[in-house]
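Protein sequence lines, in the order shown, are assigned to chains A and B. Okay, so the first sequence: first residue is 1 according to our numbering, each after it adds one. Okay, so the second sequence: first residue is 1001 according to our numbering, each after it adds one. Heads up, the thing below is written out as structure tokens.
Number of protein chains: 2
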Amino acid sequence: MLVVKVGGGKDLHIDAIVADVARLWQAGQRLILVHGGAETTNEIAEALGHPPQFVTSESGYVSRRTDRRTLEIFEMVYCGLLNKMWVEKFQQAGVNAVGLSGLDGRIFEGRRKDRLRVRVNGRRLVLRDDWTGTVERINTELLGLLLDNGYLPVLTPPGASDQGEAINVDGDRAAGQLAAAFHAEALVILSDVPGLLREFPDESTLIREIPRARVEEFMSFAQGRMKKKVMAAVEAVGQGVGRVVFADGRVEEPVSRALAGEGTQIG
Amino acid sequence: MLVVKVGGGKDLHIDAIVADVARLWQAGQRLILVHGGAETTNEIAEALGHPPQFVTSESGYVSRRTDRRTLEIFEMVYCGLLNKMWVEKFQQAGVNAVGLSGLDGRIFEGRRKDRLRVRVNGRRLVLRDDWTGTVERINTELLGLLLDNGYLPVLTPPGASDQGEAINVDGDRAAGQLAAAFHAEALVILSDVPGLLREFPDESTLIREIPRARVEEFMSFAQGRMKKKVMAAVEAVGQGVGRVVFADGRVEEPVSRALAGEGTQIG
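Below you can see the structure in the form of structure tokens.
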């Protein structure tokens, strides 16, 4: 099994990703794609007069403030606009894709954080009307059913809480749990940088290889969104995923290149 | 098999529909739900500065002008906001729902109308950049797979053209084709009226029964959105669906009441 995670950045070469995934799929590779949509969500949220807010957890991670209205906008963009864009492109490439959120069939199931302790502009707050959470279980049965019958699963947040509520879950970490649940040989995480950089944003400082035992040490090089990708890698290799690759999603054949050794190879 | 179609009107009693469908499902009824979203799509399209336009076909049917931007907004609302709202409510009611569009797995497959001959304000026009079409085939294999494994399919437009493009298809007629493909014993179409009215909008003029052989004659009583529901009924009973019921979606236990004889019974 190969899991491909595509970020939500606007510089990604979507058509190259679709063509490359379609080629691998048609050659018989068992594969699941997970996509994000953060940048487009920010734009649509602005346009709808409910601009995005970000909060910093006590441990220093930045995440989207997800009140009910934000959750609705999030679902519009991730599950509507972008998920169906990916599915349409795969259908046009001859791949019978099925787009699902982690809420459907509880594919990404986890715990809702009913109190979120955060800092906003330096002030400490406890948020209660927030719909975020962490993926703890993957519905491998439903995904296996689709794969066994020739359907490419195209997955996206939100997930489902154990109460059945929609929860905003991190896409990279969900992809990590997914790869772990399937004992995947590889998790390829594509974004708009060539991999983990020793001195962000200098692309000449690409870290080419990280032994699986030392991945946590490299957390200090991760900036912004890359922090959760490194955390996803720590969780995935810790649970037996063959390797995790951070690779450039702006180029031709981005998945094949990642599998051939480009980007940051962890494992 | 029972197919329940729920319109996109804002007066529908969504929680009553969910509770009723959940009860039937948990009692072992094989069931698929199809939902719309026209009113909410109009609101979001206004808010995003791309207000809805409607066109009238040469045969007198009103449909949404679906340029590419409208298709995207349509997907945001139908597949994102509303489909995930239904799935979340079913998940909270203990039903393992899976929300899919007709594009996913080509569940609703058909022909894109590459030229749409319409009248706009009396003028005749041929539209070429329009993404609408008609459902001709149902992927019963994928839906059967979900049903056989305990998942309630929650479906919504768009569909897929034979080229894999997303196409805006009429939800009522898609539900009619779906019911026909499964040789359903009943198709229940819920909306914000009690059924087909002899003198719209006078609810005391409800037509209680229509013999299947005479359903086309009753087309003359249908106003606006009801026209496509009558067309869906003609197509469904013509292809062997046991009966079609137009029933009130604003009341408690709306599906059970429809099955017990309320509304307009066709068949």
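Idealized CB from N, CA, C, for every residue including glycine. Quantities reported herein were computed from a predicted structural model and do not represent experimental measurements.
Output yes if chain E places a C-beta closer than 7 Å to the C-beta of Y151(A); else output no. Although the question refers to chain E, the structure presented lacks it and instead comprises the protein chains A and B.
Does the Cβ-Cβ distance between V244(A) and L187(A) come in under 7 Å? Between V244(A) and L187(A), the C-beta gap is smaller than 7 Å, which places the two residues in contact.
Count the other CB atoms, across all protein chains shown, that sit within 10 Å of the CB of P1158(B); report buried if there are 16 or more and exposed otherwise. With a threshold of 16 other beta carbon atoms within 10 Å, P1158(B) meets it and is buried.
Please name the residue or residues paired with T56(A) in a DSSP beta bridge. Paired residues: V62(A) and R119(A).
With a cut-off of 7 Å, does the C-beta of Q1091(B) fall near any C-beta of chain A? Judged by the 7 Å Cβ criterion, Q1091(B) is in contact with chain A.
Short CB-CB distance (under 7 Å) between D1114(B) and chain A: Not an interface residue.
Distance between S191(A) and L12(A) (C-alpha atoms, nearest Å): Roughly 7 Å separates the two Cα atoms.
Anything in chain A within Cβ reach of Q1163(B), meaning under 8 Å, just list it in chain order. Correct list: Q92.
Cross-chain neighbours of L1081(B) in chain A, by beta carbon under 9 Å: Per Cβ cutoff of 9 Å: E72, I73, E75, M76, C79 and G80.
Interface residues of chain B around G105(A) at Cβ under 7 Å? Result: N1096, V1098 and Y1151.
Identify the residues that DSSP records as bridge partners of L1197(B): which are they? Per DSSP, L1206(B).
Could you run through the region 1028-1053 of chain B and flag, in chain order, every residue whose CB is less than 7 Å away from some CB of chain A? From the region 1028-1053 of chain B, only A1047 and L1048 have a Cβ closer than 7 Å to chain A.
Quick test of the definition: if touching needs 3 or more C-beta pairs under 8 Å, does the region 1004-1019 of chain B touch the region 206-214 of chain A? Counting C-beta pairs closer than 8 Å gives fewer than three between the region 1004-1019 of chain B and the region 206-214 of chain A, which falls short of the contact rule.
Are G1008(B) and A1038(B) close, meaning C-beta to C-beta below 7 Å? The answer is yes: Cβ separation under 7 Å.
Going by beta carbon distance, what residues of the same chain come within less than 6 Å of Q1223(B), once the five residues before and after it are set aside? Counting only Cβ-Cβ distances below 6 Å, and skipping sequence neighbours, we find F1200.
Would you check if the distance between the CB atom of P184(A) and the CB atom of M1(A) is smaller than 7 Å? Sequence inspection shows Ala at residue 184(A); the Pro mentioned does not correspond to that position. For the pair A184(A) and M1(A), the CB atoms are nearer than the 7 Å cut-off.
Same chain, Cβ closer than 8 Å to V98(A), five either side skipped, listed in chain order: The answer, listed in chain order, is V87, L146, Y151, L152, P153 and V154.
Decide if the region 1074-1089 of chain B is in contact with the region 69-89 of chain A; the criterion is three or more beta carbon pairs, one per stretch, under 8 Å apart. As far as the Cβ criterion goes, the region 1074-1089 of chain B touches the region 69-89 of chain A, which means the pair count is three or higher.
Distance, I1207(B) Cα to I1138(B) Cα: The straight-line gap from Cα to Cα measures roughly 31 Å.
With DSSP as the reference, label L1190(B) as helix, strand or coil. In the three-state DSSP reduction, L1190(B) falls in the strand class (E or B).
Residues in its own chain within less than 7 Å of G263(A) by CB, not counting five upstream and five downstream? Close CB contacts of G263(A) within its chain, under the 7 Å cut and outside five residues either way in sequence, are with P194, G195, V245, F246, A247 and D248 (chain order).
Hey, does V1193(B) have any beta-carbon neighbour from chain A nearer than 7 Å? Closer than 7 Å: no.
6 Å Cβ shell around A179(A) - same chain, five flanking residues per side excluded: Excluding positions up to five away in sequence, the list reads V3, L187, A236 and V241.
Strictly under 7 Å for the Cβ-Cβ distance: is K1010(B) near chain A by that measure? Cβ-Cβ to chain A under 7 Å: no for K1010(B).
Indicate the three-state DSSP secondary structure (helix, strand or coil) for Q1029(B) in the structure shown. In this structure, Q1029(B) counts as coil in the three-state DSSP scheme.
Mind checking whether V215(A) and A233(A) have CB atoms under 7 Å apart? Between V215(A) and A233(A), the C-beta gap is smaller than 7 Å, which places the two residues in contact.
So is A236(A) in contact with chain B if we call contact Cβ pairs under 7 Å? Closer than 7 Å: no.
Output, in chain order, the set of chain B residues within a Cβ distance shorter than 9 Å of V126(A). In chain order: nothing, as chain B lies at least about 24 Å away.
Is there a Cβ of chain A sitting closer than 7 Å to that of E1088(B), yes or no? When Cβ-Cβ separations below 7 Å define contact, E1088(B) makes contact with chain A.
Can you grab the Cα-Cα spacing for the pair N121(A) / R65(A), in whole Å? Rounded to the nearest whole angstrom, the C-alpha separation of N121(A) and R65(A) is 13 Å.
For K1227(B) and chain A, any beta-carbon pair shorter than 7 Å? Cβ-Cβ to chain A under 7 Å: no for K1227(B).
Spatial neighbours of A1174(B) within its chain, please: CB distance less than 7 Å, with the 5 preceding and 5 following residues excluded, ordered by chain position. Result list for A1174(B): V1034, G1102, F1108, V1135, P1157 and G1159, in chain order.
What does the Cβ neighbour count give for G1171(B), buried or exposed, with the cut at 16 atoms within 10 Å? Looking at its Cβ environment, which holds 16 or more other Cβ atoms inside 10 Å, G1171(B) is buried.
Measure the C-alpha to C-alpha separation of D1129(B) and I1167(B) and round it to an integer number of angstroms. Between D1129(B) and I1167(B), the alpha-carbon positions lie close to 12 Å from each other.
Contacting residues, own chain, Cβ-Cβ under 8 Å from W1025(B) (five flanking each side not counted): If the five residues before and after W1025(B) are omitted, its C-beta is found closer than 8 Å to the C-beta atoms of L1031, V1095 and L1152, all from its own chain and listed in chain order.
Report the CB separation of V1006(B) from G1049(B) in whole angstroms; it is logged as a contact under 8 Å. Beta-carbon to beta-carbon, V1006(B) and G1049(B) are separated by about 28 Å, too far to satisfy the 8 Å threshold.
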